[in-house]
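Chains as they are written, first to last, in the UniProt record's numbering: chain P, 1 to 138; chain G, 1 to 109. Note that CB positions come from ideal geometry on N, CA and C, so glycine has one too. A short write-up of the structure that comes next.
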């Protein structure tokens, strides 16, 4: 089935995530989220995403995610050419469900963290990061 | 392909049994995203490390799937439980099939 851009946006906006991930939810982002959640509803709370408000250099933006009780955390950069960033899966010896890393952002955009909790529910948080120099070859 | 790849890991030398410790890892790798173009306008093919696994005595601590949006010289910081003395194994998987591995022993006092 072919969708026009407007229809695709309407579908994105109609998804359960609209309340959680404001703004335009692109098809690629929605596909990544659906792959992770299996189409389940994504709630809020329980996830902490730490990212700088302003990143001068999009090539290396420090972020950290934390979600007590989560089994996996998916990180997406909603405005990157490919939105996927990383998926952290925590094993039995993880001290707590948190991790820090450095990521690339193509420009000012929202970064989302979606956590899969041990009871099978999903939770998310988004942060807007202002980028002055883009990181994907920009 | 990927030259000069050097894993660096910071693990405490000892801990008490049952302690939670913080581990920092960094591996030098250029992490070519596949989005950049060279001076002739040709896209430089993607060449990244796509997976990182940390385990302790065979049990997984953290397993990370990585996309091109991870920065050059991938850095990870996370916490691990130390139930007994043993060895941490850190493994990075490169797009070109290379596997980089480093181990760190920890003593329990």
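Problem set entry | Limits of the alpha helix (DSSP H) - the one that residue 37(P) falls within | For residue 37(P), the enclosing alpha helix (DSSP H) begins and ends at 27-37.
Exercise. Nearest to residue 110(P) by CA position, among 125(P), 119(P) and 120(P), is which residue?
Worked result: 125(P) is the residue among 125(P), 119(P) and 120(P) whose C-alpha sits nearest the C-alpha of residue 110(P).
Problem set entry | Own chain partners of residue 87(P) with C-beta closer than 8 Å, once the 5 adjacent residues on each side are dropped | When the five nearest sequence neighbours on each side are left out, the beta carbons in the same chain lying within less than 8 Å of the beta carbon of residue 87(P) are those of 36, 72, 73, 74 and 75, in order along the chain.
For this session: Note down the Cα distance separating residue 56(G) from residue 66(G), rounded to an integer number of angstroms.
Result: The straight-line gap separating the alpha-carbon atoms of residue 56(G) and residue 66(G) is approximately 21 Å.
Exercise. Between the C-alpha atoms of residue 20(P) and residue 63(P), what's the straight-line distance to the nearest angstrom?
Worked result: The pLDDT assigned to residue 20(P) is 48, lower than 50, so where the model puts this residue is not dependable; a value taken from the coordinates is nonetheless given after this. Taking the straight line from one Cα to the other gives about 19 Å.
For this session: Can you grab the Cα-Cα spacing for the pair residue 105(G) / residue 14(G), in whole Å?
Result: Between the C-alpha atoms of residue 105(G) and residue 14(G) there is a straight-line separation of about 9 Å.
Exercise. Hey, quick one: how far does the beta strand (DSSP E) through residue 110(P) stretch, first residue to last?
Worked result: Segment 109-117, the beta strand (DSSP E) holding residue 110(P).
For this session: For residue 119(P), decide whether its Cβ has a neighbour in chain G, counting only Cβ atoms nearer than 8 Å.
Result: The beta-carbon of residue 119(P) is placed no less than 8 Å from the nearest beta-carbon of chain G.
Exercise. If you drop the 5 nearest sequence neighbours on each side, which residues of the same chain put their C-beta closer than 6 Å to that of residue 75(G)?
Worked result: Correct list, in chain order: 26.
Exercise. Would a check of beta-carbon distances place residue 80(G) closer than 8 Å to chain P?
Worked result: A Cβ of chain P is located within less than 8 Å of the beta carbon of residue 80(G).
For this session: Answer with yes or no whether the minimum CB distance from residue 100(G) to chain P is below 8 Å.
Result: Residue-level contact by beta carbon fails for residue 100(G) and chain P, as no gap is shorter than 8 Å.
For this session: Report yes or no: is there a C-beta of chain P within less than 8 Å of the C-beta of residue 60(G)?
Result: For residue 60(G), the answer is yes, since a Cβ of chain P falls inside 8 Å of its Cβ.
Problem set entry | Proximal chain G residues relative to residue 81(P), where beta-carbon distance stays under 8 Å | Neighbours of residue 81(P) on chain G, chain order: 35.
Exercise. Distance, Cα to Cα, residue 3(G) vs residue 52(P)?
Worked result: Their Cα atoms are separated by approximately 31 Å.
Exercise. If you measure from the beta carbon of residue 76(G) to each beta carbon in chain P, is any gap under 8 Å?
Worked result: Answer yes: the Cβ-Cβ gap between residue 76(G) and chain P drops below 8 Å somewhere.
Problem set entry | DSSP-derived helix/strand/coil call for residue 58(G) | Correct three-state label for residue 58(G): coil.
Problem set entry | Pairwise C-alpha distance: residue 129(P) and residue 100(G) | In a straight line, the C-alpha of residue 100(G) is about 32 Å away from that of residue 129(P).
Exercise. Can you pull the DSSP bridge partners for residue 66(G)?
Worked result: Per DSSP, 86(P).
Problem set entry | Partner residues on chain P for residue 71(G), Cβ-Cβ distance less than 7 Å | Those within 7 Å of residue 71(G) in chain P are 59, 60, 102, 103 and 104.
For this session: Please confirm if residue 26(P) has its CB atom under 8 Å from at least one CB of chain G.
Result: Not closer than 8 Å to any Cβ of chain G, the Cβ of residue 26(P) fails to qualify, so no.
For this session: Note the first and the last residue of the continuous beta strand (DSSP E) segment covering residue 127(P).
Result: For residue 127(P), the uninterrupted beta strand (DSSP E) run begins and ends at 122-133, by DSSP.
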